[in-house]
Structures are given as structure tokens and as C-alpha cells.
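From first to last, the protein sequence lines are chains A and B.
Going by the working numbering, the first sequence opens with residue 844, and the numbers climb by one from there.
Going by the working numbering, the second sequence opens with residue 3, and the numbers climb by one from there.
All remarks here apply to the structure that follows.
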Amino acid sequence: MIRLSIQARQALARLTLPVLIVASFGVMLLGKADTLLAERARIALADGLVPIYAVLSSPLAGIHATITETATLWSMREENTRLRDENEKLRRWQSIALALDAENQRLKASMQWIPDPNASFVTARVVADAGGAYAKAVLLSVGPNHGVRKGEIAVDERGLIGRITEVGARTARVLLITDLNSRIPVIMETTRAHAILVGTNGSRPRLQYWPEGIVPKEGERIVTSAEANAFPANLPIGTVHYTASGAPEVEPAALLQKLEVVRIFDYGLNGVVAPERPTPGRH
Amino acid sequence: MAHIDRRPGIRPRQSIGRRLDVAARTSFPASITILLMLLTQAPLDIPEQAALLPAVALCSVWFWSVFRPDAMPPPVVFLIGVLVDLLGYLPLGVMAFTLLAEHGLALTMRRGLSRCGFAWIWLVFAGVAAAAALVIWLLVMVLTLRLLSPYPAMFIGVVTVAIFPVLAVPFAGAHRSVANPDHA
């Protein structure tokens, strides 16, 4: 260690804080000037941490399952009757769906319909919430030799959850449809009118830019649009719900709060490139 | 070991084991802070878990800056801040600045605070957390050039105040035992 006089040492100690505060402003400028740097640092950090979280996730899920199981034991009887009713209803719907599917196939066959290309997919486990106060995203553990690329589409068992925005050596980050930077071309299912689904960081993204003369109906289903070649057509997203102030929002079909396993589809689309810069301030 | 030199009296010999012990005790506050921060990122399935990371950092930096500033020097605070920015997907530098400002404030107030009871420290900290939430909100807006809702930042402030006792009580225990270099 270099020997310094006591006065010099004290002066240095007093200077550290102001110098570092200036440095923090420097870091802000650096983050603005070179967004790729921050992105690389984040994904490198995630790559290092994901194995730890992956190991932690199974005992944590066990604890969680035990807690929910104990809670559900109380309401098992009501739950059972509710499920029986629902099952009956779904069975009726299933027969209708099968009949419609058969009819659809027949009609497509008679129209010489060009079939949609089959999409390949991989399934990955959600290991951590990769969001922050001003970002909604999740981190997936995808293993070392994955073929996941930016812009691929992430779906849970109920509907669309978002798109891949960052890919590391063994992690991938999915920007959720609720994130402030998420913009998704959608179609309202009954009117077939186009609109844009805009994330707000809240639990429900907002519906915007629908054509004049059409009003989104409460409870109407919203699906993706193939426009701009960024998404395949007709992936379920959610249902329209009006806020108290009369703005239409979409209640996501996917369980965005409880994502566990996610499928990542490669539709071979390369229309609009996925958002390059997923943290706030990225347009 | 400047803090040892200042004290008069008989001391054991500076063996390697003893030095390691002192180093471990001195680095305890920084290590426990970073460890807790990483833990908040684990898949705990808590709703709005994202607010926990800045909250833990704010509480921990405040506590150690007030009670043991030697073990929480500005470079460590800066490092913790950048780590929060990276892990919490905030624009770079936001938490680095907020935590350094908090550290500076703690240093100026620590003489008065060390004479107060826990309730007072908590109350003052509530004010600091509110100011920190305001700073985070403003800085994120400036750095992203967008109008953003203040609620996520306010929520961070509320969570920070709420978890402070949960962290401060074990920290106070550690401050007297594990983290105390005089016990080495």
C-alpha cells in the first residue's frame, strides 16, 4: 500500500463520494450512448445467475405447491362441483369445435387453400422475473445449444405472452405483452378489424388505433394479426375489457403472473425485427 | 487496518487467520447486501417481486451507512447501485446515483441518528425512501424521455419502508456480533 499522510488520506476519503456521484452520471450517459453495452452486461449476468435460480426453482416450487394445496383442501367440495359443471360445458363446446374443424378442413380442401407452414417450437422453463419497476419481462433457461433467436414468439398453454428480445449463451429474455415497449398488431375476432395492442406496464395492455366506425365489444376475443409479418395470424391474446374511464383494455388469456413453462415458436417470420432495446426508453 | 491503529491497548498478533477474520467481518455488510439482492431475483412467486430488489438495496445501504460506514464505503455503494440497475432493468446509473445520495445523507445524519431509538431511525428512513422513490421516478423519466406512471416508484418506496424492520433487526444482531471487527 502507498503511504500517504493523514491529511492526504482524509482528503481522498472526502473526495470519493462526489467523484462517484459524478461517475454515476457518467454511467447514465454511457448507458444512453451505448445501449448494447448494458444489454450485453445484463444478459452475461443472467447467464451466470440462471443455473443458480434453476436449481433453486424446484424446491421453491415444491414449497409453493404445498402451500396452495393446503389452501385448496378447504374449498375442495365447491371446487369439485364447479369443475364438474365446467367439464360438462366444455364437452359440449368440444363437440361443436370438432364439427367446425371438420367443416373448416372440408372447405379449405375445396378451395385449394395454401396451408400455413408448420411452426417448430422448443419448450423452456421460466427461471426468473427479468422485469423491473419499469419493465415487464421473464427470463427463460434454454440450455447451451439452443436455437432460440431474437423475435421468436413465446406462448403459454393459454395464449401469447410476448417475444424474445435478448438471447444469451443459456438464457433468453421474453418481453411480455404488458411491457411499456410492447406493440402488437391484433385483430378483433368478431369484426375482423385491425388494431394495435399497446403495453402499459400495468396488468392489462391497451387497445389502440382501431378503424373508425368500429367499437371493440366487451368480452370480444383478440387474436394476433399476420400484418407486418411479425406474428402468425390467430394466436389468442385475450378478451376486451373496458376500464371505468371507458378505455378498452385486453385481459391477457395467458397467466402472465404465474408463468412456469413457455413454448417458443419459430414461425420463420422476419418482417418486423423484435424490439432491439427492451428496457424503458426504447421505442 | 486504519481503524485498529487508532485504538490504544494490547492487541493479539496480526496473524493471517486474524487478518482473514477481520476482512470477513469488514466485508460482511457488502456481501450480505449483494447476496440478499440476488435472492430477491430468485423465482419466489411473490406478486410484484421486482420492487424487492431496489428496496433491499435501499434498506441495506441505509443501515450500514448509518451504523458502520467503514464497511459500506462509497465504491461499494456504487457497485451495488450498478448491480441493481443491471439486475432490475433500470436505466444504467439510476440506482447508483440514488444509493450514493442516500449514503451521503446517512453520513451527514449518522451522529444524530445514533442517539435515537429504532422508531426514529425508521421514521427518518421513511422520508429518505420517499425521496429515493421520487429520484428514481424522475431519473427514469429523464433517461427514457417519456412520461411514466409514478406508481411503480411509489410502490418501491412503500415496500422499502415496510421491509426495513425485517432487515434491520437481524442486521442489528449481526452488527454487534458477526460483522464486528473488534470481536475478531
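Each residue gets a CB set at the ideal place from its N, CA and C atoms; glycine is no exception.
For A/Arg968, the three-state DSSP class (helix, strand or coil)
strand
What would DSSP say about A/Thr1034, mapped onto helix, strand or coil?
coil
Looking at chain A, is there any beta carbon in it that lies within less than 7 Å of the beta carbon of B/Val78?
no
Closer than 7 Å, CB to CB, is B/Phe65 near chain A or not?
no
Less than 7 Å between the beta carbons of A/Ser984 and A/Asp1109, yes or no?
no
Nearest chain B C-beta to A/Ala884 closer than 7 Å, yes or no?
yes
What in chain A is Cβ-close to B/Gly83, meaning under 8 Å?
Ser867
Residue(s) in a DSSP beta bridge with A/His1084:
A/Glu1092
Exposed or buried, A/Pro1028, counting other C-beta atoms within 10 Å across all chains shown (16 or more means buried)?
buried
How about B/Gln16: is its C-beta nearer than 7 Å to some C-beta of chain A?
no
What are the uninterrupted segments assigned as alpha helix (DSSP H) that are 4 or more residues long and contained completely in the segment 22–90 of chain B, given in chain order?
54–69, 76–89
Taking only beta-carbon positions, decide if A/Ala978 is within less than 7 Å of chain B.
yes
Go to A/Gln850, then tell me how far its alpha helix (DSSP H) extends in each direction, as first and last residue.
849–876
So is B/Trp64 buried or exposed if we call it buried at 16+ other beta carbons inside 10 Å?
buried
For A/Thr966, does the count of other Cβ atoms within 10 angstroms reach 16, so buried, or fall short, so exposed?
exposed
Are there 16 or more other CB atoms within 10 angstroms of the CB of A/Glu1009, so buried, or fewer, so exposed?
buried
Starting from B/Ala170, follow the beta strand (DSSP E) in both directions and report where the run begins and ends.
Unbroken run through B/Ala170 is the alpha helix (DSSP H), 153–178; no beta strand (DSSP E).
Does the beta carbon of B/Leu22 sit closer than 7 Å to a beta carbon anywhere in chain A?
no
is_contact[B/Phe69, chain A] using C-beta, thresh 7 Å:
no
Run the proximity test for B/Arg112: is its beta-carbon closer than 6 Å to any non-hydrogen atom belonging to the ligand FAD?
Judged by which ligands are present, the structure shown has none, so any question about the ligand FAD falls away.
Report the option in A/Ser1068, A/Asn1072, A/Val1058 whose CA atom is closest to the CA atom of A/Pro1079.
A/Ser1068
What residue range is occupied by the uninterrupted beta strand (DSSP E) comprising B/Phe99?
Careful: B/Phe99 lies outside any beta strand (DSSP E), inside the alpha helix (DSSP H) at 96–115.
Across the segment 861–874 of chain A and the segment 72–86 of chain B, are there enough close Cβ pairs to call them in contact, namely three or more that are closer than 8 Å?
yes
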